[in-house]
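J.:
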């Protein structure tokens, strides 16, 4: 019995030692945000793309993804957003009931910085790449059956924040001009 326990423990240690705890950048399948060229990603997703368009946020190419993107049956739909010919963000809609399983998979590869995924109520988990240049954020609302997984580069997050600030300023100016 002791030798079996020792062998099992050794196997776990060797498996852990041979595989890195953290990957480079956060990825979905073979698509690594901030790294993978947009054209290559669009080619990989060819059968999963519902439509292509220009992103209002990045002014780069973007694609709406259908169910089971890249062969992952948990994907209901999603978006791939590019800028400067690199994939900068991937947003996926997934079933809320699989959010803990997906969070566990992300935590096995990336640094988990926050996790609160209750069965009832709103939930959120955040993961960071070892370089800090990309992250994944899993969120869901209390009364929803779906969760959102946003995989993004730091560059995309900055661009998105600037986009939102400009949009808010435009709305304020519009409201002011009404009176």
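Residue numbers (my numbering): 1008 to 1186. Positions of the beta carbon are idealized from the N, C-alpha and C atoms, including for glycine. Model, not experiment: these values are computed from the prediction.
So, with DSSP's three-state summary, where would you put residue 1063?
T.: Residue state, collapsed to three classes: coil.
J.: Check whether the stretch 1068–1088 touches the stretch 1112–1125, taking contact to mean three or more Cβ pairs, one atom from each stretch, closer than 8 Å.
T.: The stretch 1068–1088 is not in contact with the stretch 1112–1125.
J.: Are there three or more Cβ pairs, one per stretch, closer than 8 Å when the stretch 1145–1153 is compared with the stretch 1052–1059?
T.: The stretch 1145–1153, when compared against the stretch 1052–1059, does not touch it at the 8 Å Cβ threshold.
J.: Since residue 1158 contacts residue 1033 with CB under 8 Å, what's their CB separation in whole angstroms?
T.: 5 Å between Cβ atoms; contact.
J.: Can you tell me which of the three DSSP states residue 1123 falls into?
T.: Here residue 1123 sits in strand by DSSP.
J.: Go through its chain and collect everything with a Cβ distance to residue 1096's Cβ below 6 Å, but skip five positions before and after it.
T.: 1088, 1159, 1163.
J.: So for residue 1167, helix, strand or coil by DSSP?
T.: Here residue 1167 sits in helix by DSSP.
J.: With DSSP collapsed to three states, give me the class of residue 1177.
T.: Note: residue 1177 maps to helix in three-state DSSP.
J.: What is the DSSP secondary structure of residue 1146, counted as helix, strand or coil?
T.: DSSP places residue 1146 in strand when its eight states are reduced to three.
J.: Do you know how far the Cα of residue 1185 is from the Cα of residue 1102?
T.: About 42 Å.
J.: Enumerate in chain order the residues of its own chain whose CB-to-CB distance from residue 1038 is below 7 Å, with the five nearest sequence positions on each side excluded.
T.: Closer than 7 Å at Cβ, skipping near neighbours: 1048, 1051, 1094, 1097.
J.: On the three-state DSSP scale, how would you describe residue 1021?
T.: Low confidence applies to residue 1021: its pLDDT is 30, below 50, so where it sits in the model is not reliable enough to give any reading.
J.: Please classify residue 1000: does DSSP put it in a helix, a strand, or coil?
T.: Nothing can be reported for residue 1000: it is not among the residues displayed for the chain, which extend from 1008 to 1186.
J.: With a threshold of 16 other CB atoms inside 10 Å of the CB of residue 1106, please say whether the residue is buried or exposed.
T.: It counts as buried.
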